[in-house]
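*Asks:* There's a structure below that I have some questions on.
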């Protein structure tokens, strides 16, 4: 390859001599330019499937090569298309030699590095397509010279930084521009308004911010047909003037921070077919001009703050196929003109304030497949005709509907896969015909007044994964064939009046991961077949009449994270495996005699009675009977005791003497041999320890996950000097560095040496113990470096920094954490702590849960850092270390008067962390003459019924109340002043798991 590059630069040098070599044929030089340019380009990339084997450096022309097209007049390369060939490497030099190139398309490959500056040196390039690669860095400002470019697609890469403000000064030829799916930031370039010929503009899925100048940047683009600015951080209002975009077909502004009213002239674009303004802060009423959009097929205004009566003219938009107006504040009733939407397939009006009946005219929407009306105040009955359409999803939950469930038609049974009618006032029976729904996967009828036996037809569902019939007044027994399909994953029958035993056939539900039968009248024993549910994660059987022992085989269920069997009639031993040894009192209390040190009262064991020589020798409760025997025949009684005790003493003495003789004999025979062996072993251990200490003292980098030999470091300061400091904590300073030939990024913590373990063997043992903690929500420990004066820990690097930075140190130009990411952080942190508490014996207690110790990866998944580092404190054990190593705001109150810590201390810190994440505020805030304690304030607001007032205002429009409210309540429980009142982290994970599920699947947690 070096020869080819040398040849390439030689030819370039020769070409610069111009007329000095007059006998060289100009056409041959040009042809060789194309060959050499492509060969040099090929030499810098990887072609794993050998697609470019036809490119030979000995050829005089590349026009016969694959993926090449030439201009038939000049025989120069005019088009190079290498889309989707799995190529990788960097787009290097060589392509600038293709001076007649018009089309360069390298999309859907794995090219990396920056965009080559040489691409701007191709004078006549008209089409450049680099989409779906791994290109990074800035967009070159030299692109401003590409005045001939008509099509530019740099989407779906990792380009970053601002776009040069002058980039589009010479863009008169530009027709198509897409920068979507990158990490670009800053304002939209002001020069964009110069691209008067632009037809398609896509800047979506970036971090553009600020308020775009629609008047001077967007509205002047009169030829624009498709405008997509979605999923950015743009703000401000959208003024009128959109009428100027007479040719506009798609306007996509979703998922930004736009506010104010909708443009009143937005309905005057006659060709508009797609309008998506969802996930913003638009207010006011819907402009009446929208009814003139006869060509719109996609219409989405969801998740805004729009208000006013529901548009009565909605039926005029006769071309609608997709309409989503959910999560606004529309009032009034639905008009009968809804029946004019004969092409609509998707209709969502959920989470508004709509009232009245569901209009009968909807039965004329013959193409309807998805209808969602949840979270309104609709009343009356469900129109029977709706259940004769080919619906796939029906969600009428959280309304005030009455009457019975319509029977449905054969067309419905063939198409329906989701039916949610929960939280209404429906009555009657479940239609038997519903069992014919062969594709039904989700069925939720909970919180209604059905009052019947469970129909046997429920066993016919072959694809049902979720069955939720909680609080429906069902009675009778649970059908044994309920799991005949084998696909059920969630079964919730809580709060009914079921009687009889749990069917043994429940073991056929092999896919089940949530089984909840609480608050019924079930009796009998817990079936042994439950141990066959290997995927089960949650088991809720509380408040029933179950009896007997819990089957020991349930301890073999490795995936189960939560069990509650409280308030039954259970007794005996708990299973020794799985989660059962770590269950707390709330999961077991209220039974007859379960044997657990957490419970008070009798422990009833279902085992045979022990054999004793005298049944009254150890104090029988029937003392009166014993005294009567003594008084009636005292000599016989004492004689029996005497003989029994004599026999025991004689036998014991004989055994003791025989064992002693044998032992002394063996010791005398083997004394010398054993002493020699012990001396040799001690010498071996001493030698090994000395060798290991010497090895550690010389300073070697120990990597746990590498089989390669360790690297000796003579000057560790040289490593740290090359690294970037990224933070400092109580245990030391953290650096970011590329380690090893593979160039992987790691974090190195330089530990404070004061009070750390000073013996290398102890340090090695403790660090290796912590290195065994491997969980997706923990920063994994990769290795360490030790000398008496310097200790380093090598761990995983989290590119998104700490939660502390995202919550409290965010720049104004940076977007706040979304509620989805906040909940992900809460849930992941809980799972990481539960792993530390319940997967290690003794448990690993973090002791210092706070935002600076929660790091975030590229997808905002939380990673707990600094866990278990208190184990490295000399003489620490399980004692509380000095105040230097904990934050008082997250410290459990009992630590002020106790010397030992347990898992409930972490639960308290996690509760404070949850409050901090939801509110965006610090645990303690100091005013001029006051101190505000966050947990106390939230507790007061909760008691007053105003707790949602404390939610971070930056997520006010996007969070779900039925998620935020239980999270705040859970946080208050976790921060209880009484440790025993706090849940375990396993229970916290269980509760968050339920909160995370849709409301239709959720139990009442508080």
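Residue numbers (the working numbering): 2 to 1007. Every residue, glycine too, gets a C-beta built ideally from N, C-alpha and C. Quantities reported herein were computed from a predicted structural model and do not represent experimental measurements.
#1: Quick check on this structure: which residue in 88, 939, 895, 903 has the alpha carbon closest to the alpha carbon of residue 915?
#2: Applying the 10 Å Cβ sphere with the 16-neighbour rule, what's the burial state of residue 471?
#3: Establish whether the CB of residue 861 and some CB of chain B are separated by less than 8 Å.
#4: CB-CB under 8 Å to residue 159, same chain, minus the five flanking residues each way: which ones, in chain order?
#5: Compute the Euclidean distance between the alpha carbons of residue 156 and residue 279, then round it to the nearest angstrom.
#6: Using the rule of at least 16 other Cβ atoms within 10 Å of the residue's Cβ for burial, across every protein chain shown, is residue 116 buried or exposed?
#7: Beta carbon of residue 466, beta carbon of residue 488: below 8 Å?
#8: So, does the segment 836 to 849 touch the segment 806 to 816, judging by three or more C-beta pairs under 8 Å?
#9: Using DSSP with H/G/I as helix, E/B as strand and the rest coil, what is residue 830?
#10: Grab me the residues of residue 36's own chain with a C-beta within less than 8 Å of its C-beta, minus the 5 sequence neighbours each way, in chain order.
#11: Compare the Cα-Cα distances from residue 936 to each of 971, 903, 905, 510 and report the closest residue.
#12: Give the straight-line distance between the Cα atoms of residue 242 and residue 264, rounded to the nearest whole angstrom.
#13: Extract the residue ranges of the beta strand (DSSP E) inside the segment 131 to 162, only unbroken runs of 3 or more that lie entirely within it.
#14: Kindly list the residues whose CB is nearer than 6 Å to the CB of residue 569, restricted to its own chain and excluding five residues on each side of it in sequence; keep chain order.
#15: Using the three-state DSSP reduction, which class does residue 92 fall into: helix, strand or coil?
#16: Can you confirm whether the segment 991 to 1000 touches the segment 815 to 828 when touching is taken to mean that 3 or more C-beta pairs between the two stretches lie within less than 8 Å?
#17: Can you name the start and end residues of the beta strand (DSSP E) that residue 178 belongs to?
#18: Taking 6 Å as the limit between beta carbons, can you name the residues of its chain near residue 933, skipping five residues before and five after?
#19: Please classify residue 498 as buried or exposed, where buried requires at least 16 other C-beta atoms within 10 Å of its C-beta.
#20: Express the C-alpha separation of residue 531 and residue 595 in angstroms, rounding to a whole number.
#21: What separation, rounded to the nearest whole angstrom, lies between the Cα atoms of residue 590 and residue 421?
#22: Quick test of the definition: if touching needs 3 or more C-beta pairs under 8 Å, does the segment 218 to 232 touch the segment 191 to 198?
#23: Since residue 960 sits in a beta bridge, which residues does DSSP pair it with?
#24: Expressed to the nearest angstrom, what Euclidean distance is found between the alpha-carbon atoms of residue 987 and residue 561?
#25: Could you check whether residue 528 and residue 503 sit closer than 8 Å to each other, using their CB atoms as the reference points?
#26: Compute the beta-carbon to beta-carbon distance between residue 250 and residue 232, rounded to the nearest angstrom, for a pair I have assumed lies under 8 Å.
#27: Shortest alpha-carbon distance to residue 167 belongs to which of 149, 314, 145, 320?
#28: Under a three-way DSSP split, which group does residue 52 fall into?
#29: Going by DSSP, what residue range makes up the beta strand (DSSP E) through residue 574?
#30: Among 217, 791, 236, which residue has its Cα nearest to the Cα of residue 187?
#31: Which same chain residues end up closer than 8 Å to residue 393 when comparing Cβ atoms and leaving out the 5 residues on each side of it in sequence?
#32: For the alpha helix (DSSP H) containing residue 453, list its first residue and its last residue.
#33: To the nearest angstrom, report how far apart residue 363 and residue 965 are at their CA atoms.
#34: Look up residue 752 in the DSSP assignment and say whether it is helix, strand or coil.
#35: Compute the Euclidean distance between the alpha carbons of residue 836 and residue 445, then round it to the nearest angstrom.
#36: Exposed or buried, which one is residue 247 when buried takes at least 16 other CB atoms within 10 Å?
*Replies:* Result, derived from the coordinates:
#1: Nearest to residue 915 by C-alpha distance, out of 88, 939, 895, 903, is 939.
#2: By the Cβ-count criterion, residue 471 is buried, with 16 or more other Cβ atoms from all chains shown falling within 10 Å of its own Cβ.
#3: Of the chains in the structure shown, none is chain B; there is only one protein chain.
#4: Within the same chain, residue 159 has close Cβ partners 135, 136, 137, 183, 184.
#5: Whole-angstrom Cα-Cα distance: 22 Å.
#6: Residue 116 counts as buried, since no fewer than 16 other beta carbons sit within 10 angstroms of its beta carbon.
#7: A contact, by the Cβ cut-off of 8 Å.
#8: Counting C-beta pairs with one atom in each stretch, the segment 836 to 849 and the segment 806 to 816 have fewer than three that are closer than 8 Å, which means they do not touch.
#9: In the structure shown, residue 830 sits in a helix (DSSP, three-state: H, G or I).
#10: Same-chain partners within the cutoff: 58, 60, 61, 62, 63.
#11: Ranking the options by Cα distance to residue 936, first place goes to 971.
#12: Whole-angstrom Cα-Cα distance: 8 Å.
#13: Segments of the beta strand (DSSP E) lying fully in the segment 131 to 162: 135 to 138, 152 to 154.
#14: The residues are 545, 547, 592.
#15: Coil at residue 92, not helix or strand.
#16: Flag = yes, the segment 815 to 828 and the segment 991 to 1000 touch.
#17: Residue range 177 to 179 is occupied by the beta strand (DSSP E) that includes residue 178.
#18: For residue 933, the CB contacts under 6 Å within the same chain, skipping 5 residues up- and downstream, are 926 in chain order.
#19: Residue environment for residue 498: exposed (fewer than 16 other C-beta atoms within 10 angstroms of its C-beta).
#20: The alpha-carbon atoms of residue 595 and residue 531 are separated by roughly 19 Å.
#21: The alpha-carbon atoms of residue 590 and residue 421 are separated by roughly 34 Å.
#22: Segments in contact, yes.
#23: Paired residues: none, contrary to the question.
#24: Approximately 10 Å, taken between the alpha carbons.
#25: Closer than 8 Å, so yes.
#26: Actually they are not in contact, since the Cβ atoms of residue 250 and residue 232 sit about 20 Å apart, beyond 8 Å.
#27: The shortest C-alpha to C-alpha distance from residue 167 to any of 149, 314, 145, 320 is the one to 145.
#28: Coil, per DSSP.
#29: Annotation for residue 574: the continuous beta strand (DSSP E) segment containing it runs 570 to 574.
#30: Ranking 217, 791, 236 by Cα distance to residue 187 puts 236 first.
#31: Only 370, 371, 416, 417, 418, 419 meet the Cβ criterion.
#32: Annotation: residue 453 is outside any alpha helix (DSSP H) and is labelled neither H nor E by DSSP.
#33: One C-alpha to the other measures close to 34 Å.
#34: In this structure, residue 752 counts as strand in the three-state DSSP scheme.
#35: Roughly 32 Å separates the two Cα atoms.
#36: Label assigned to residue 247: exposed.
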